Ligand SMILES: Cc1cc2nc3c(=O)[nH]c(=O)nc-3n(C[C@H](O)[C@H](O)[C@H](O)COP(=O)(O)OP(=O)(O)OC[C@H]3O[C@@H](n4cnc5c(N)ncnc54)[C@H](O)[C@@H]3O)c2cc1C
Ligand SMILES: Cc1cc2nc3c(=O)[nH]c(=O)nc-3n(C[C@H](O)[C@H](O)[C@H](O)COP(=O)(O)OP(=O)(O)OC[C@H]3O[C@@H](n4cnc5c(N)ncnc54)[C@H](O)[C@@H]3O)c2cc1C
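Residue numbers (the working numbering), protein chains in the order written: chain E, 1 to 476; chain C, 477 to 853.
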């Protein structure tokens with residue numbers, strides 16, 4: 001019997017696990033995939049929004065602002081990079097200037113402090129971002145806007161939770177939940193678990209989970225966002241550049257990433273579940289045509305990847321954060337600004353909805369710090385060589401483009417294990433650079449096979465798919 | 477050692493240099509032996525991570541760690557990398573089973589791993605063609621090769637030996653318009669393209685495949701060049717060099733696929749020898765400065781390497797160049813300034829095959845420009 005079961009290991013589930021691990025409770029996170037946070041948390045804009053934009057009075061507005069204010073401390077404690085680059089919403093026409101004025105007012109209503117939003121002339125804006133397009137006439141500056149490393153945040157949150165006693169099971173898809181005398185019975189991945197409380201943070205599938213216990217009361221429709229990623233050797237912007245918002249939300253952004261790449265996107269289109277991760281000619285053309293409205297010198301020949309993410313949009317339009325029956329907390333529709341809001345939602349849900357059921361006090365031995373990983377590129381040659389003396393694997397660079405060493409890949413053995421080729425590419429950045437793994441994927445495959453002690457043929461690429469199809473006679 | 481040659485276990489190497497038909501590893505072995513005989517020092521498993529204008533560089537390996545050294549001269553021979561699925565407009569999901577042909581080649585030829593069983597290939601570059609044959613021989617079914625251009629970007633002999641001999645269809649003026657499958661590739665849709673390279677509605681064909689290999693071009697590896705202030709050429713993607721293969725940074729030379737992408741290893745070796753010799757002369761203080769003659773691609777030519785020739789008595793110059801389209805029954809003219817210096821008749825010229833013309837150095841010393849041009853007869 002667990003005290004709390006969390007369904008889903010995206011950034012929302014991960015930060016709930018960490019928040020709960022501050023208390024003397026038994027906690028289990030169940031994740032259907034073979035790696036954590038491979039869904040919405042994997043493919044988004046990574047922006048820690050300031051809170052200027054959500055509709056006043058909404059849960060989005062409330063938790064966005066609170067979440068933004070928690071990110072600096074959280075990033076420090078978990079050693080997750082945070083690019084405190086600020087943001088600019090830009091207007092390129094008199095109509096857009098009016099939209100900007102409205103947004104300025106909204107920022108105030110949403111509770112941003114005076115120094116957290118300012119209206120700038122074109123000249124003032126150019127000092128913050130020299131690469132604005134010639135049409136930009138006015139801009140609103142949002143200095144508290146930042147950029148995080150989303151799945152690293154989820155992995156770090158989970159690692160920290162596990163170090164403080166939580167448990168994680170991957171390849172455990174929740175297929176049924178029933179009520180029992182003491183709480184709930186959860187069927188997942190062929191196993192049966194019991195829990196006194198459940199947090200449903202299954203992202204796009206949260207409505208589906210909710211319906212295992214409740215009549216349907218919300219629907220999730222995927223809203224796809226398509227992006228380009230550019231080569232990190234050619235930075236395009238130094239601050240997040242938003243267009244004036246339109247009917248389709250925040251619009252197409254230019255976002256500097258923590259590793260130097262620039263993200264261009266996203267689009268916004270409601271699609272079927274089947275199509276939620278598909279890029280399309282229409283979508284990518286929309287990015288191409290719109291991005292040059294706000295910024296210039298866009299190096300389309302330096303694009304290294306395109307991808308699509310899927311926002312789990314609820315029909316009501318706002319976040320659903322509710323204890324819908326005793327002990328069962330539904331988190332639905334956690335779309336943008338969900339990444340920003342996640343720490344604040346977790347604090348609220350844990351402190352206000354979950355802990356009162358258990359009447360426990362925080363543990364005295366909770367350790368908020370997740371140990372920093374060695375980052376060779378931040379060190380001097382002498383410091384690097386000290387590490388190599390201890391562990392020769394630091395001297396063996398597996399991924400040339402992003403200088404990922406074999407020791408970095410030892411993260412396979414950390415509490416939140418990477419088990420798939422796809423995860424190495426995202427979390428440890430082996431293959432995330434300009435050659436996109438052409439040079440290192442064979443070596444990564446062999447390291448995964450050796451370290452996980454499985455046959456190379458069994459190394460997964462993504463959940464439920466494999467890198468290899470067969471071995472030749474010689475290799476058998 | 478040996479670079480890309482070590483995964484090219486097919487034959488077809490060394491016909492010019494050794495008048496023999498060798499495999500890639502055999503060809504490499506000849507040079508590795510020469511290096512060892514000469515007693516040259518070398519490091520394997522060592523990646524150069526930094527290069528500076530003063531010719532200091534940093535490399536690292538598990539035994540020595542990070543080491544900084546300064547070369548009296550430095551030669552860049554870093555090879556090239558393949559254009560990736562991310563660089564072309566590939567629409568649809570991002571499932572397992574989509575990779576460059578060279579990656580699949582390394583899996584298969586280095587470790588015997590087959591990446592798929594039903595394969596389609598996008599792009600008719602040589603690596604793709606070679607892999608069509610290799611995967612077929614290993615029991616995979618290759619359903620076709622689609623090429624965006626109306627002509628192949630691989631060598632004619634590879635079309636014959638790797639596709640025709642195995643009845644693998646080549647779809648010219650076709651591209652992949654969608655990839656389908658969320659965890660593993662399930663199918664692809666190809667379509668014919670018009671002259672603007674836009675898909676023509678109604679020409680779609682679907683292939684059920686678990687693997688899509690890309691052979692859509694190679695780009696010189698230039699990630700060390702920016703820091704050292706080395707100027708790159710927009711068409712080759714590699715450094716700009718003179719006839720000594722010296723870049724704009726004195727004492728830094730470049731050759732091979734890292735300079736411009738080659739199809740014949742023999743010419744890579746020739747370039748390498750020339751660059752090596754120049755570097756040795758540089759170290760001895762024998763290289764002197766001189767005025768530059770620029771080389772220019774004229775009508776029908778994409779680029780010419782070297783980009784400059786020094787006005788100085790030296791060895792004969794080999795001009796390497798590629799044409800921008802398929803040409804039949806043409807003349808290649810070499811002009812010094814506006815005077816015709818040399819003219820060669822050619823029955824067929826294709827972009828896939830690099831051309832080379834040797835010009836006596838003293839013939840152009842009084843020129844300020846040399847231009848190479850295709851003349852359609
Ligand atoms: C295009 C796009 C751009 C965005 N940009 C931003 C931004 O810039 N700033 C911002 O703050 N927010 C942004 N967001 C929103 C943010 O990404 C999401 O709000 C956040 O990642 C949601 O996290 P999550 O944990 O709720 O969902 P997810 O990350 O989707 O996690 C849900 C998890 O539940 C698991 N799961 C599902 N069903 C089951 C089951 N039956 N059993 C077990 N496990 C299950 C899934 O496998 C998954 O791991 C963006 C979103 C998108 C799509
Ligand atoms: C599939 C294929 C088939 C071919 N078939 C034929 C054929 O049949 N006949 C023929 O004549 N030619 C053929 N070629 C062409 C020929 O083999 C190549 O052009 C030639 O081998 C390239 O040599 P290179 O030394 O320039 O580059 P590479 O062989 O690519 O060598 C570059 C080396 O530099 C290393 N390197 C890169 N960056 C760094 C760094 N930062 N630090 C340290 N080391 C670094 C790489 O690891 C590599 O070992 C073929 C090529 C391919 C790819």
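The beta-carbon is built from N, C-alpha and C at its ideal position, and this holds for glycine as well. A quick note: this is a predicted structure, and the numbers were derived from the prediction, not measured.
Under 6 Å from any heavy atom of ligand 1, does the C-beta of residue 174(E) make it?
Walking along the first chain from the start, residue 174(E) turns up at place 174. Result yes, Cβ under 6 Å from ligand 1.
Straight-line CA distance for residue 564(C) to residue 263(E)?
One-based indexing of the second chain puts residue 564(C) at position 88. One-based indexing of the first chain puts residue 263(E) at position 263. Residue 564(C) and residue 263(E): Cα-Cα distance of roughly 17 Å.
Going by alpha carbons, who is nearest to residue 526(C) out of 820(C), 706(C) and 686(C)?
Working through the second chain from its first residue, we reach residue 526(C) at position 50. Closest option to residue 526(C), Cα to Cα, is 706(C).
Under the criterion of a Cβ to heavy atom distance below 6 Å, does residue 2(E) qualify as lining ligand 1?
As a first step, residue 2(E) is located in the first chain; it is residue number 2 there, counting from the start. Outside the cutoff, so no.
Tell me which residues share the same chain as residue 111(E) and place their Cβ nearer than 6 Å to its Cβ, disregarding the 5 neighbours each side in the sequence.
One-based indexing of the first chain puts residue 111(E) at position 111. The residues are 65.
What three-state label does DSSP hand residue 203(E) in the structure shown?
The residue given as residue 203(E) occupies position 203 in the first chain. Helix at residue 203(E).
Using a C-beta to C-beta distance shorter than 8 Å, which residues of chain E count as neighbours of residue 702(C)?
Locating residue 702(C) in the second chain gives position 226, counting from the first residue. Residues of chain E passing the Cβ test: 233.
For residue 529(C), does the count of other Cβ atoms within 10 angstroms reach 16, so buried, or fall short, so exposed?
For the purposes of this step, residue 529(C) is taken as the residue at position 53 of the second chain. Looking at its Cβ environment, which holds fewer than 16 other Cβ atoms inside 10 Å, residue 529(C) is exposed.
Would you check whether ligand 1 has a heavy atom nearer than 6 Å to the C-beta of residue 419(E)?
If you number the first chain from 1, residue 419(E) lands on position 419. No, since every heavy atom of ligand 1 falls outside the 6 Å radius drawn around the Cβ of residue 419(E).
Helix, strand or coil: how does DSSP classify residue 546(C) here?
By 1-based counting over the second chain, the position of residue 546(C) is 70. Residue 546(C): strand per DSSP, three-state reduction.
Which residues bound the alpha helix (DSSP H) around residue 763(C)?
Mapped onto the second chain, residue 763(C) falls at position 287. Element bounds for residue 763(C): n/a, residue is neither H nor E.
Please identify, using Cβ separations under 8 Å, the residues of the stretch 431-450 of chain E that lie next to chain C, in order along the chain.
Residues passing the 8 Å Cβ filter: 434, 435, 436, 437, 438, 439, 441, 442, 445 and 446.
Let me see if you follow: with CB-CB separation under 7 Å, is residue 693(C) close to chain E or not?
For this step, residue 693(C) is matched to residue 217 along the second chain. So, not an interface residue.
Establish whether the CB of residue 425(E) and some CB of chain C are separated by less than 7 Å.
The residue labelled residue 425(E) in the question sits at position 425 within the first chain. No, because no Cβ of chain C sits closer than 7 Å to the Cβ of residue 425(E).
Have a look at residue 560(C) and residue 178(E) and give me their C-alpha separation to the nearest angstrom.
Here residue 560(C) refers to the residue found at position 84 of the second chain. Here residue 178(E) refers to the residue found at position 178 of the first chain. Computed Cα separation, rounded: 48 Å.
Within a Cβ cutoff of 8 Å, which residues of the same chain sit near residue 480(C), ignoring the five residues on either side of it in sequence?
Start at 1 with the first residue of the second chain, and residue 480(C) comes out as number 4. Taken in chain order, the residues that qualify are 500, 555, 578 and 733.
Cα separation between residue 139(E) and residue 162(E)?
Here residue 139(E) is taken as the residue at index 139 of the first chain, counted from 1. Here residue 162(E) is taken as the residue at index 162 of the first chain, counted from 1. Roughly 44 Å between the two C-alpha positions.
Among 752(C), 489(C) and 686(C), whose alpha-carbon lies nearest the alpha-carbon of residue 548(C)?
Taking the second chain and counting its residues from 1, the one referred to as residue 548(C) is at position 72. Closest option to residue 548(C), Cα to Cα, is 752(C).
Just the Cα atoms here: how many angstroms apart are residue 832(C) and residue 437(E)?
Your numbering for residue 832(C) matches position 356 in the second chain. Your numbering for residue 437(E) matches position 437 in the first chain. Whole-angstrom Cα-Cα distance: 33 Å.
Strictly under 7 Å for the Cβ-Cβ distance: is residue 150(E) near chain C by that measure?
On the first chain, position 150 is the one that residue 150(E) refers to. It does not: the Cβ of residue 150(E) has no partner Cβ on chain C nearer than 7 Å.
For ligand 1, I want to know if residue 334(E) counts as a neighbour, meaning its beta carbon is within less than 6 Å of at least one of the ligand's heavy atoms.
Here the question's residue 334(E) lines up with position 334 in the first chain. Yes - ligand 1 has a heavy atom lying nearer than 6 Å to the Cβ of residue 334(E).
Would you say residue 733(C) touches ligand 2, meaning its beta carbon is less than 6 Å from a heavy atom?
Counting from one through the second chain, the residue named residue 733(C) turns up at place 257. Yes, since a heavy atom of ligand 2 falls inside the 6 Å radius drawn around the Cβ of residue 733(C).
Flag residue 263(E) as yes when its Cβ comes closer than 6 Å to any non-hydrogen atom of ligand 2, and as no otherwise.
Here residue 263(E) refers to the residue found at position 263 when the first chain is read from its first residue. Checking every heavy atom of ligand 2 against the Cβ of residue 263(E), none is found closer than 6 Å.
Using CA atoms only, rank isn't needed, just tell me which of 109(E), 95(E) and 90(E) is closest to residue 120(E).
In the first chain, counting from the first residue as 1, residue 120(E) sits at position 120. The candidate whose alpha carbon is nearest that of residue 120(E) is 90(E).
Which class does residue 268(E) belong to by DSSP, given the choice of helix, strand or coil?
On the first chain, position 268 is the one that residue 268(E) refers to. Correct three-state label for residue 268(E): coil.
Report yes if the C-beta distance between residue 810(C) and residue 785(C) is below 7 Å; otherwise report no.
Indexing the second chain from 1 puts residue 810(C) at position 334. Indexing the second chain from 1 puts residue 785(C) at position 309. No.
Taking contact to mean at least 3 C-beta pairs separated by less than 8 Å, is the stretch 600-610 of chain C in contact with the stretch 619-626 of chain C?
Short answer: they touch.
Considering only heavy atoms of ligand 1, does any lie closer than 6 Å to the CB of residue 311(E)?
The sequence position of residue 311(E) within the first chain is 311, counting from 1. Checking every heavy atom of ligand 1 against the Cβ of residue 311(E), one is found closer than 6 Å.
Compute the beta-carbon to beta-carbon distance between residue 40(E) and residue 149(E), rounded to the nearest angstrom, for a pair I have assumed lies under 8 Å.
Within the first chain, the letter at position 40 stands for residue 40(E). Within the first chain, the letter at position 149 stands for residue 149(E). 15 Å between Cβ atoms; not a contact.
Return the residue from the list 203(E), 460(E) and 297(E) that minimises the CA-CA distance to residue 311(E).
Within the first chain, residue 311(E) is the residue found at index 311, counting from 1. Here the closest residue by C-alpha is 203(E).
Kindly indicate which residue of 695(C), 629(C) and 805(C) has the alpha-carbon position closest to the one of residue 822(C).
The residue given as residue 822(C) occupies position 346 in the second chain. Comparing Cα positions, the closest option is 805(C).
Can a CB atom of chain C be found closer than 7 Å to the CB of residue 465(E)?
What you label residue 465(E) is simply residue 465 of the first chain in a count that begins at 1. Yes, residue 465(E) lies at the interface with chain C (some Cβ there is under 7 Å from its Cβ).
Quick test of your reading: residue 343(E) and residue 70(E), contact by CB under 8 Å. State the CB separation rounded to the nearest angstrom.
If you number the first chain from 1, residue 343(E) lands on position 343. If you number the first chain from 1, residue 70(E) lands on position 70. Contact holds; Cβ gap of about 4 Å.
In this structure, does DSSP put residue 822(C) in helix, strand or coil?
Counting from 1 along the second chain, the entry for residue 822(C) is found at position 346. Residue 822(C): strand per DSSP, three-state reduction.
Could you tell me whether the Cβ atoms of residue 662(C) and residue 649(C) are closer together than 7 Å?
Your numbering for residue 662(C) matches position 186 in the second chain. Your numbering for residue 649(C) matches position 173 in the second chain. Contact: no.
So what's residue 191(E) in DSSP terms, helix, strand or just coil?
The count along the first chain starts at 1 and reaches residue 191(E) at position 191. In this structure, residue 191(E) counts as strand in the three-state DSSP scheme.
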